[in-house]
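Undergrad: Here the protein sequences come in this chain order: A and B.
Its first residue numbered 1, the first sequence is counted upward by one per residue in my numbering.
Its first residue numbered 285, the second sequence is counted upward by one per residue in my numbering.
All C-beta atoms in this analysis are idealised placements derived from N, C-alpha and C, irrespective of residue type, glycine included.
Just dropping this structure here.
Protein chains: 2
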Amino acid sequence: MSTSSMETVSASASEFDRDTAVTLRAPGVYDAELSAGWTIIHAVNGGYLLALLGRALGQHLPHPDPFTISAHYLTPSVPGPAVIRVETVRTGRTLSTGQASLLQYAEDGTEVERIRVLASYGDLDALPDDVRTTAAPPAIAPIDQCFGASDGPTPAIPGSSAITERLDIRLDPATVGWAIGAPSGKGAMRGWFGLADGRDPDPLSLLLTVDALPPTSFELGLKGWTPTVELTTHVRCRPAPGPLRVSITTRNLAGGFLEEDAEVWDSADRLVAQSRQLARAPRG
Amino acid sequence: MSTSSMETVSASASEFDRDTAVTLRAPGVYDAELSAGWTIIHAVNGGYLLALLGRALGQHLPHPDPFTISAHYLTPSVPGPAVIRVETVRTGRTLSTGQASLLQYAEDGTEVERIRVLASYGDLDALPDDVRTTAAPPAIAPIDQCFGASDGPTPAIPGSSAITERLDIRLDPATVGWAIGAPSGKGAMRGWFGLADGRDPDPLSLLLTVDALPPTSFELGLKGWTPTVELTTHVRCRPAPGPLRVSITTRNLAGGFLEEDAEVWDSADRLVAQSRQLARAPRG
C-alpha cells in the first residue's frame, strides 16, 4: 500500500462511502447517484453497484450485514441518478431476506431495471467464533513485489479507467503477464486490495472487492470485457483493518461463458468473503 | 449403476418428471404437489424443490434452460400442495431473467413463502462448442468400488430417507467414513449420481443433483442437518446420457456457517454444472 493509503480515513470521509450513499425517499425507495469514479472500460463496476444495493438492503432490513447476496445483472448501468427499491421478503431471528432492484431512467423518463438482487442478511458480530477453515490463504508475493496501476507498462484497456484511481490494487507478478502481452494461460488473478484513500474494509466494501481485480480472462489471453450475468457473494466475517488479499480463479471457460471464483482474506488471515460469478467470455 | 437403472425411462414416465410437474393455473401461476418421495431427515430436499421452480421458470420464460439460478430458502417446505409464482424480469436475445417464489399454505389458508429464486435462462443448444476447461474430472473410484444406500452399514440418519430410494448414489470409499463412525475430517463428498429409475440427466435434473449427496459436514464429524440458506447453480452444458460424477467440497466452516461447492461431470467428461451454497453448520 502507498504511504497515503496507510492513513486512516473515517468512513464518512471516504470516497467509497460517499459514492455508495443512498437517500431514503419513501419506505423501501432509495435515491442514489452512480459515480463516474467507479467506471472501467465502458461500464460502471459491478462490485460498486452491488455495494450500493447492499447498503440500501442493510438500511431496510432488520439485520445489518450481507451474509449471502445474489445479483443478476440485467442492463448496463451508466453514471448518473438511480433509484433502489427494496422489499423485505422474510424476517427471521438470525437472518432476514430482502430483494432489491436498481433502476435508472430512459430518455423518456421510464424506469429501466439494471440489477435485481436477493440477499440474506444477518449480524456478523453475533456469530460464534468457531473457525475450522481448511482453506489456506493464497500465495501472493509481498506487497512491495507486486504491481500497482502506476507501475510498469500501462495495459491496453480501452476507455475509462477511473476506478483504478480509487483502488490500491497490487497484482502478484505471476498474474500480470497479460499487461505485457504474455498471459500465463492460467485462469488466475491474485493481488493485494485496498481503497486508495485508506478506508478500512468492512462487509459492504467486500462487495466491491470481489469484483475489482482485472478479469481472469486477461490471463487466458482474452482481451475485452467480461460482462457479469450473475454474482453471488458470501460475507463470512467482519474484516480486520488493513490490506486484503484476493484470489480469483476460473476453471471452466466453455460455451461462451466462464465462472470466476473469488476469495478474500483479511490481515488476520481470516477468509472473510467468497464469491462466484457467471460472466460472458470475451470474443477475442 | 444397478441393472434396473440402466434401462431407459422416458421422461414422462420418470419419478423425477412426475414429481416436478407443474400445472398452469393462471398466467405466471403454477400449481405443484411436493412429493413425500424426496424427503430426507425432516425436510423436502432443496435440490428437488429447485428443480420444481426451475421447471416453472422454463415454462414461463422465452428461453428453456437455467444458466444461473440463485435460490434463497426462507422456511422449510413440507410435502403437499404448493403454488409457484413466476415473473419475467427481463427478456433479452440470448438470456432472459425471471423471478419465482414457491409458496405453501398455513393452516388458516394464508400463503407462506418457502423459497425465492432469481434466474437467468438461455438455450444451451445455441452455445458455441468451445471448451477451454482447465478443471479435471474428480478422482472417484469406479462405480463397482463405490458404496450405495444398500451397501454396508446403514448410517444413522434420523427420520425419513425416502429420497434414497429415488436416487442411485454411489459414494467414493474415501468419503464414506462418516457412515461407520470414522469421518475423514476432510470437507469432501464425492460419488456417482443417477436417478434410480434410469432417467437420463438433463438441465433440470442437474438442479437436483447438486444438492443430493450427503453433506460434507458428515465427513467433518458433524452430525445433523445443514439447512441451506442460499444455493446458486450454473448449468453450463446439456449433460450426456449416463451416470454423473459429483464432487462437493467445503473449505470454510466458520461462525456457524459453511459453504458447499459442487461440480457435476457427465459421461462425456464435460463439467456440466457448478454450484455453491451457504448452509448453517450442524451444532453437533
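Under DSSP, the alpha helix (DSSP H) around Glu286 of chain A begins and ends at which residues?
TA: The question about residue 286 of chain A has no answer here: the residues shown for chain A are numbered 1 through 284.
Undergrad: For Thr448 of chain B, which of helix, strand or coil comes out of DSSP?
TA: To locate residue 448 of chain B, count along the second sequence from 1; it is residue 164. Helix.
Undergrad: According to DSSP, which residues form a beta bridge with Arg251 of chain A?
TA: Working through the first sequence from its first residue, we reach residue 251 of chain A at position 251. Beta-bridge pairing links Arg251 of chain A to no other residue.
Undergrad: Report the start-end ranges of each beta strand (DSSP E) in the region 295–353 of chain B that is 3 residues or longer and not cut off at the edges.
TA: Counting whole runs of 3 or more residues, the region 295–353 of chain B contains the beta strand (DSSP E) stretches 307–310 and 313–318.
Undergrad: Taking the DSSP output, what are the residues bridged to Gly406 of chain B?
TA: The residue labelled residue 406 of chain B in the question sits at position 122 within the second sequence. According to DSSP, which records beta bridges pairwise, Gly406 of chain B is partnered with B:Asp349.
Undergrad: Out of curiosity, what's the CA-to-CA distance linking Pro311 of chain B and Ala384 of chain B?
TA: Indexing the second sequence from 1 puts residue 311 of chain B at position 27. Indexing the second sequence from 1 puts residue 384 of chain B at position 100. For Pro311 of chain B and Ala384 of chain B, the distance between alpha carbons rounds to 13 Å.
Undergrad: Whose CA, out of A:Tyr30, A:Val44 and A:Val29, lies closest to the CA of Ala36 of chain A?
TA: What you label residue 36 of chain A is simply residue 36 of the first sequence in a count that begins at 1. Among A:Tyr30, A:Val44 and A:Val29, the Cα nearest to that of Ala36 of chain A is on A:Val44.
Undergrad: Please list the partners that Gln274 of chain A has in chain B, where partner means a Cβ-to-Cβ separation under 7 Å.
TA: Counted from its first residue, the first sequence places residue 274 of chain A at position 274. Neighbours of Gln274 of chain A on chain B, chain order: Asn536 and Glu543.
Undergrad: Residues of chain A with CB closer than 8 Å to the CB of Ala390 of chain B, please, in chain order.
TA: In the second sequence, residue 390 of chain B corresponds to position 106, counting from 1. Under the 8 Å cutoff, chain A gives no residues; its nearest Cβ is about 14 Å from Ala390 of chain B.
Undergrad: Is any beta-carbon of chain A found at less than 7 Å from that of Thr512 of chain B?
TA: Within the second sequence, residue 512 of chain B is the residue found at index 228, counting from 1. With 7 Å as the cut-off, Thr512 of chain B does not count as an interface residue toward chain A.
Undergrad: Considering only DSSP beta bridges, list what Asp545 of chain B is partnered with.
TA: Within the second sequence, residue 545 of chain B is the residue found at index 261, counting from 1. Answer by DSSP bridge pairing, in chain order: B:Thr533 and B:Arg560.
Undergrad: Between Arg567 of chain B and Ala126 of chain A, what straight-line distance do the alpha-carbon atoms span, to the nearest angstrom?
TA: Numbered from 1 along the second sequence, position 283 holds the residue referred to as residue 567 of chain B. Numbered from 1 along the first sequence, position 126 holds the residue referred to as residue 126 of chain A. In a straight line, the C-alpha of Arg567 of chain B is about 16 Å away from that of Ala126 of chain A.
Undergrad: Closer than 8 Å between beta carbons: that is the criterion. Which residues of the region 408–420 of chain B meet it against chain A?
TA: Taking 8 Å as the Cβ-Cβ cut-off against chain A, the residues of the region 408–420 of chain B that qualify are Leu408, Leu411, Pro412, Asp413, Asp414, Val415, Arg416, Thr417, Thr418 and Ala419.
Undergrad: For Glu391 of chain B, does the three-state DSSP call read helix, strand or coil?
TA: Numbered from its first residue, the second sequence carries residue 391 of chain B at position 107. If DSSP states are grouped into helix, strand and coil, Glu391 of chain B belongs with coil.
Undergrad: Establish whether the CB of Thr97 of chain A and some CB of chain B are separated by less than 7 Å.
TA: Here residue 97 of chain A refers to the residue found at position 97 of the first sequence. Thr97 of chain A counts as touching chain B.
Undergrad: Could you run through the region 349–364 of chain B and flag, in chain order, every residue whose CB is less than 8 Å away from some CB of chain A?
TA: Listed in sequence order: Phe351, Thr352, Ser354, His356, Leu358 and Thr359.
Undergrad: Could you tell me how far apart the beta carbons of Val373 of chain B and Leu74 of chain A are, in whole angstroms, since I believe they sit closer than 8 Å?
TA: Sequence index remark: in the second sequence, residue 373 of chain B carries index 89 (1-based). Sequence index remark: in the first sequence, residue 74 of chain A carries index 74 (1-based). With a Cβ gap of about 7 Å, Val373 of chain B and Leu74 of chain A count as contacting.
Undergrad: Check whether chain A comes within 7 Å of His344 of chain B, counting only Cβ atoms and requiring the distance to be less than that.
TA: Along the second sequence, read from residue 1 onward, the residue named residue 344 of chain B stands at position 60. So, not an interface residue.
Undergrad: Look up Gly148 of chain A in the DSSP assignment and say whether it is helix, strand or coil.
TA: For the purposes of this step, residue 148 of chain A is taken as residue 148 along the first sequence, with counting starting at 1. The answer is coil: DSSP assigns Gly148 of chain A none of H, G, I, E or B.
Undergrad: Using a C-beta cutoff of 7 Å, does Thr493 of chain B count as contacting chain A?
TA: Along the second sequence, one-based indexing puts residue 493 of chain B at 209. By this cut-off, Thr493 of chain B is not an interface position.
Undergrad: What is the rounded straight-line gap between the Cα of Thr133 of chain A and the Cα of Glu219 of chain A?
TA: The sequence position of residue 133 of chain A within the first sequence is 133, counting from 1. The sequence position of residue 219 of chain A within the first sequence is 219, counting from 1. Whole-angstrom Cα-Cα distance: 28 Å.
Undergrad: Using a cut-off of 8 Å between C-beta atoms, extract the partners of His347 of chain B located in chain A.
TA: Position 63 of the second sequence holds residue 347 of chain B. By Cβ distance, chain A contributes nothing, its closest Cβ being about 12 Å from His347 of chain B, past 8 Å.
Undergrad: Roughly how far, in whole angstroms, is the beta-carbon of Leu61 of chain A from the beta-carbon of Gly98 of chain A, given that I think they are within contact range, below 8 Å?
TA: As a first step, residue 61 of chain A is located in the first sequence; it is residue number 61 there, counting from the start. As a first step, residue 98 of chain A is located in the first sequence; it is residue number 98 there, counting from the start. That pair is a contact at about 5 Å.
Undergrad: Where Glu165 of chain A and Glu263 of chain A are concerned, what is the direct C-alpha to C-alpha distance, given to the nearest angstrom?
TA: Numbered from 1 along the first sequence, position 165 holds the residue referred to as residue 165 of chain A. Numbered from 1 along the first sequence, position 263 holds the residue referred to as residue 263 of chain A. Distance between the alpha carbons of Glu165 of chain A and Glu263 of chain A is about 23 Å.
Undergrad: Would you call the region 180–194 of chain A and the region 133–151 of chain A in contact, with 3 or more CB pairs under 8 Å?
TA: The region 180–194 of chain A is in contact with the region 133–151 of chain A.
Undergrad: Taking Cβ-Cβ distances below 8 Å as the criterion, which residues of the region 442–472 of chain B are in contact with chain A?
TA: Those residues of the region 442–472 of chain B that come within reach of chain A (Cβ to Cβ, closer than 8 Å) are Lys470 and Gly471.
Undergrad: Which class does Val112 of chain A belong to by DSSP, given the choice of helix, strand or coil?
TA: Residue numbering aside, residue 112 of chain A sits at position 112 when the first sequence is read from its first letter. Looking at Val112 of chain A - three-state DSSP - the assignment turns out to be strand.
Undergrad: Could one say the Cβ of Ser404 of chain B lies closer than 7 Å to chain A's Cβ atoms, at least one of them?
TA: Residue mapping note: residue 404 of chain B aligns to position 120 of the second sequence, counting from 1. Cβ-Cβ to chain A under 7 Å: yes for Ser404 of chain B.
Undergrad: Does the count of Cβ pairs from the region 515–533 of chain B and the region 482–489 of chain B closer than 8 Å reach three?
TA: Yes, since at least three Cβ pairs between the region 515–533 of chain B and the region 482–489 of chain B fall closer than 8 Å, the two stretches touch.
Undergrad: Between which two residues does the alpha helix (DSSP H) harbouring Thr493 of chain B extend?
TA: The residue you call residue 493 of chain B lines up with position 209 of the second sequence. Counting along the chain, the alpha helix (DSSP H) containing Thr493 of chain B begins and ends at Pro487 to Thr493.
Undergrad: Would Leu231 of chain A pass as an interface residue toward chain B - the criterion being a Cβ-Cβ separation below 7 Å?
TA: On the first sequence, residue 231 of chain A is found 231 positions in, with the first residue counted as 1. Output row for Leu231 of chain A: interface = no.
Undergrad: With C-beta atoms as the reference, is Glu260 of chain A less than 7 Å away from Thr216 of chain A?
TA: What you label residue 260 of chain A is simply residue 260 of the first sequence in a count that begins at 1. What you label residue 216 of chain A is simply residue 216 of the first sequence in a count that begins at 1. Yes, Cβ-Cβ distance for Glu260 of chain A and Thr216 of chain A is below 7 Å.
Undergrad: Helix, strand or coil, according to DSSP, for Gly256 of chain A in the structure here?
TA: In the first sequence, the residue the question calls residue 256 of chain A occupies position 256. Three-state result, Gly256 of chain A: coil.
Undergrad: Among A:Ile143, A:Thr20, A:Leu103 and A:Tyr105, whose alpha-carbon lies nearest the alpha-carbon of Arg245 of chain A?
TA: Within the first sequence, numbered from 1, the residue matching residue 245 of chain A stands at position 245. Checked all of A:Ile143, A:Thr20, A:Leu103 and A:Tyr105; the closest Cα to Arg245 of chain A is A:Ile143.
Undergrad: Select from A:Leu271, A:His63, A:Ile248 and A:Pro128 the residue whose C-alpha is nearest the C-alpha of Pro214 of chain A.
TA: Against the first sequence, residue 214 of chain A aligns to sequence position 214. The candidate whose alpha carbon is nearest that of Pro214 of chain A is A:Ile248.
Undergrad: Which residues does DSSP pair with Leu231 of chain A in a beta bridge?
TA: Here residue 231 of chain A corresponds to residue number 231 of the first sequence, with the count starting at 1. Looking at the DSSP assignment, Leu231 of chain A forms a beta bridge with A:Ala71 and A:Gln277.
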